[in-house]
Structure formats: C-alpha cells, structure tokens
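Take the sequence shown: its position 95, counting from 1, is numbered 161 in this note's numbering, and each next residue is one higher.
Every residue gets a Cβ at the ideal spot worked out from N, C-alpha and C, and that includes glycine.
Note that the coordinates shown come from a computational prediction; the quantities given were computed from them, not determined experimentally.
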Amino acid sequence: MYIRKNIKPFEKKVWLATPTMHGEEIKFVEEAYNTNWMSTVGENINEVEKLAAAQAGVKYAVGLCNCTSALHLCCKFAGERLYGKPMIGHGALEGKKVFCSDMTFDATLNPVVYEGGIPVFIDTEADSWNMDPVALEKAFEIYPDVKLVVSAELYGFPGRMDLIKQICEKHGALLIEDAAEAMGATLNGRPCGSFGDYSAVSYNGNKIITGSSGGCLLTNDLEVANKARKWSTQARENAPWYQHEEVGYNYRMSNVIAGVIRGQYPHLEEHIRDKKEIYERYEKGLKGLPIKMNPITPNTNPNYWLSCLIIDEKAMCKQVRSDSEALYIPETGKSCPTEILEAIFSINAEGRPIWKPMHMQPMYRNHDVIGRNGTLRAKTNAYIAGSVDDIGADIFQRGLCLPSDNKMTKEEQDIIIELIRRCFE
Ligand SMILES: Cc1ncc(COP(=O)(O)O)c(C=O)c1O
Numbered sequence: 067m068y069i070r071k072n073i074k075p076f077e078k079k080v081w082l083a084t085p086t087m088h089g090e091e092i093k094f095v096e097e098a099y100n101t102n103w104m105s106t107v108g109e110n111i112n113e114v115e116k117l118a119a120a121q122a123g124v125k126y127a128v129g130l131c132n133c134t135s136a137l138h139l140c141c142k143f144a145g146e147r148l149y150g151k152p153m154i155g156h157g158a159l160e161g162k163k164v165f166c167s168d169m170t171f172d173a174t175l176n177p178v179v180y181e182g183g184i185p186v187f188i189d190t191e192a193d194s195w196n197m198d199p200v201a202l203e204k205a206f207e208i209y210p211d212v213k214l215v216v217s218a219e220l221y222g223f224p225g226r227m228d229l230i231k232q233i234c235e236k237h238g239a240l241l242i243e244d245a246a247e248a249m250g251a252t253l254n255g256r257p258c259g260s261f262g263d264y265s266a267v268s269y270n271g272n273k274i275i276t277g278s279s280g281g282c283l284l285t286n287d288l289e290v291a292n293k294a295r296k297w298s299t300q301a302r303e304n305a306p307w308y309q310h311e312e313v314g315y316n317y318r319m320s321n322v323i324a325g326v327i328r329g330q331y332p333h334l335e336e337h338i339r340d341k342k343e344i345y346e347r348y349e350k351g352l353k354g355l356p357i358k359m360n361p362i363t364p365n366t367n368p369n370y371w372l373s374c375l376i377i378d379e380k381a382m383c384k385q386v387r388s389d390s391e392a393l394y395i396p397e398t399g400k401s402c403p404t405e406i407l408e409a410i411f412s413i414n415a416e417g418r419p420i421w422k423p424m425h426m427q428p429m430y431r432n433h434d435v436i437g438r439n440g441t442l443r444a445k446t447n448a449y450i451a452g453s454v455d456d457i458g459a460d461i462f463q464r465g466l467c468l469p470s471d472n473k474m475t476k477e478e479q480d481i482i483i484e485l486i487r488r489c490f491e
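Structural data, given as structure tokens:
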C-alpha cells in the first residue's frame, strides 16, 4: 500500500457497506437453535414475513433465500398471468420482450432471462438515476406489445415509480418492482416495495438491514403468497406422498437467517438515519468541488443506502475504460471516478463504480436500449457511449459510490472527503 495524496492509509478498512449488528439478532438465532427449528420453517420466518409486509405496507410477504429468487418468482407469476402456463422445459416469458432498468445490478433482470424473456433496456433519468418514465413511454410506442416492466430503485434513492406504474397501467402491462436497495425509502409517503404488481426486497449482507442473505416477495394477493410458498419449497402438492404438478424451487428462507433479519427490523430507521448523516456530511464536506451527490427526487425520502457522486463534465480528466481495465490522465483541477476510486483504495477504504449499464454489457450487446428520443443504438451497435442521449453511460462514466458504511467514524469520513478534495488539486 503506498501513501496517496499524502494521506496515511486507515489501519482498519473502511468499507462501502457492511452489516451492523445490535445483539437482538443472536437471541432469535439462539431461539431457533434451542427449539431445533434449524430449518426453512419456524417462528422467525413467520415474524419476518409479518414485519416485511407491515414495513412495505402490503398484505403479504414471503420469506425467500434471497432477493434474486424473489424476483425470479415475480417473473414467473407475471409470465404465467400474461401468457399462461409454459410447457415443461420452457420459461414463462419465453421469447417475450420485457422492459428492464438499464443502470442496475444484473440481479434485477437475470430472472427475466431465467424465464426466457428478452430484456429491452430503458435508459436512466438524469434527475433521479432511476428508470426514465419518458423513455418508458417511448419504449411502449416502439414496442406496443410488451406487457412487463422490471424496474429497480437505485442506491436507496427512489425515482418516479408512481409514474412508471401509471404508464404500465395505461399500456396494460404488469410491473415488477426491484426494491432490493430501497427498503425503508418512500415516494409520496408510500414505501418502496409497494408499487409493483409483484415486488422484492433484499437482506443481502451489504443492504440497509441484513440477514447475511435473504429476501422477501411482496404482494397484496393471497393466492400469489400461497403459491410463492409452494413454488419455493419444490412445489409439492397437498397429498400424502411427494406429488408434483409443476416445477419447484428450493428458495425458502432459513429460520436461522430469519432470526438475524428479525433482530434487524427494529433498527431500520436508525440505519437510515446514520446513512442520511453520511450523505449530508459528504454533501457539506465536498461543497465547492465540481461534483454533485446522487439526486433526491421531489416527494421522496431515500434510505440513503449508498452515497454517490457525479463529477461535472467540465471537471473530468481523460478516462477510458475497456471491458476489464481503466486508464486516466491526471490533470490539475480535474479528476475522474478511476482516480478517486484508486485514491480511496490506496488509503484502505472501499468505493465502487456506478452499476455499469446493462446495455453496455457484452452479453446484451445486441439488445435494444430506449432513451427519451427513441432507440439509442441502431442494430449495428453503433451508439456512442457517453453521448448526451445515453444518460446511463454518462452517469457510469462520471459517477462513483463512496464509502457509506454506517460504522465509518466522522474522522474517517473527513479523511475521505479531504482525499477527494486533493484529487481535484
Ligand atoms: C438492485 C438489486 N437487485 C437485486 C439484488 C439481489 O439481491 P440478493 O443478493 O438478495 O439476491 C441486489 C443486491 O444484491 C440489488 O442491488
């Protein structure tokens, strides 16, 4: 480790976002152990389902092993409702185009592909960093037959999921809401996770509350909740033997992990408060630099899961990225995400690039991506990354996620702020 910008590395690493435990978690884990419910049934799961439904303001929550599996079941429900039950060996979205968030973690849309769907990406709104409702409208003009939208709330800062839902309703489409990063955030006073026809939240180790892993499918439909419980436990029929009428999954939440999640729920608001303070300290400490923090959409209360920044276009030094490497040319008064991330890493802290938009991923190179002005690339793949029209590529080029761990001390954060300032000297 070399000393970068004359700042000594931290002895103990400052992370992007790690679990914050409080003590109650172990009590519920012990309860599972002592009562021998070391299984995918038990009181902790029942309680987590009640807590998750109440928190999101929906009728039912189904505890699953992670959010990806919840999103998978959401896709299956949507596909079967829209297109009927698929033949064995076929996906419920087989060959169907699905409008998906573009600037997100690939777990948002992997389940679309598990079910045979073809993602069509919707560009990002510059003012919210979430799916752009204007681009979504445009996409329905171009592909009027599409009947499913999968939209994620990024970094705990909700965009216009209300408008996205309205647009879906107007076009007779269903909405899957990926609220993995947004638990506890609200839009118009309504919790994230309550906007989708089917929604999902995550308890992955880096999320606002955690069970080390885990997720919930959220719904207002009792039939969906019951079926999600059945599908997630190998789709066993109600019979004295192992009777099967449809394909099943081993997706249920563990009662041990549910104990951790149960102990975390009472601390959700406290975690959000800590994350908000981190965001506001960055905002204040970085004042005067040619950067902006991730945007807060009007009428939203973010959960502030990750603090991010974007560098003004004029203050960007030259930066190029291949599929696996990044290079930049340092320039006085300017910087770039690569330089800042290198600097953060050099002092034993963790930052992260913005999610690389899905339409820039090699596996989706032939998939369409729709912006406000129509399709962003011709069939020849000849779009220009970073062009003014390609908002996602532009945020990826100029943005980064900052260390946002709620155990980071004020002193540690001050050092990170000073380091970022020195990157612009
Ligand atoms: C936007 C988004 N969707 C889905 C997931 C998947 O969640 P899980 O790890 O619980 O499967 C994550 C994070 O892990 C995420 O950030």
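| Query | Result |
| --- | --- |
| Secondary structure at SER265, three-state DSSP: helix, strand or coil? | strand |
| Could you give the residue range of the alpha helix (DSSP H) that holds THR404? | 403 to 412 |
| Name, in chain order, the residues that DSSP records as bridge partners for GLN385. | TYR394 |
| Should ASP211 go down as buried or exposed, given a rule of 16 or more other Cβ atoms within 10 Å for buried? | exposed |
| Tell me whether SER279, by its Cβ, gets closer than 7 Å to a heavy atom of ligand 1. | yes |
| Closest to GLY250 by CA distance: which of SER268, ILE242, TRP297 is it? | SER268 |
| Would you list the residues sitting across from ASN316 in a DSSP beta bridge? | THR299 |
| What's the gap between the Cα of ALA205 and the Cα of ASN439? | 10 Å |
| Given a cut-off of 8 Å, decide if PRO199 and MET424 are closer than it, judged by their beta-carbon atoms. | no |
| Anyone know if the C-beta pair for ASN254 and HIS337 falls short of 8 Å? | no |
| May I have a chain-ordered list of the beta strand (DSSP E) segments no shorter than 3 residues that lie completely inside the stretch 157 to 192? | 163 to 167, 184 to 188 |
| Taking 7 Å as the cut-off, is the CB of ASN270 close to at least one heavy atom of ligand 1? | yes |
| Determine the DSSP secondary structure at ASN360, reduced to helix, strand or coil. | coil |
| Flag ALA83 as yes when its Cβ comes closer than 7 Å to any non-hydrogen atom of ligand 1, and as no otherwise. | no |
| Quick check on ALA248: does DSSP put it in helix, strand or coil? | coil |
| Within the same chain, show all residues whose beta-carbon is closer than 8 Å to that of MET426, passing over the 5 residues directly before and after it, in chain order. | ALA451, GLY458, ALA459, PHE462 |
| With distance defined between alpha-carbon atoms, name the residue in GLU77, TRP103, GLY351 nearest to SER320. | TRP103 |
| Count the other CB atoms, across all protein chains shown, that sit within 10 Å of the CB of MET474; report buried if there are 16 or more and exposed otherwise. | buried |
| Taking only three categories from DSSP, how would you classify GLU243? | strand |
| How should GLU191 be labelled, buried or exposed, when 16 other C-beta atoms within 10 angstroms of its C-beta is the threshold for buried? | buried |
| Spatial neighbours of CYS383 within its chain, please: CB distance less than 8 Å, with the 5 preceding and 5 following residues excluded, ordered by chain position. | TYR394, ILE395, PRO396, GLU397, LYS400, SER401, CYS402, GLU405 |
| Between ILE242 and LEU202, is the Cβ-Cβ spacing less than 8 Å? | no |
| Suppose the cutoff is 7 Å on Cβ atoms and the five residues either side in sequence are ignored; what does the same chain contact list for ALA136 look like? | LEU130, ALA266, GLY281, CYS282, LEU283 |
| Apart from the five residues just before and just after ARG514, which ones in its own chain have a Cβ nearer than 8 Å to its Cβ? | No answer is possible for residue 514: it lies beyond the span of the chain, which begins at 67 and ends at 491. |
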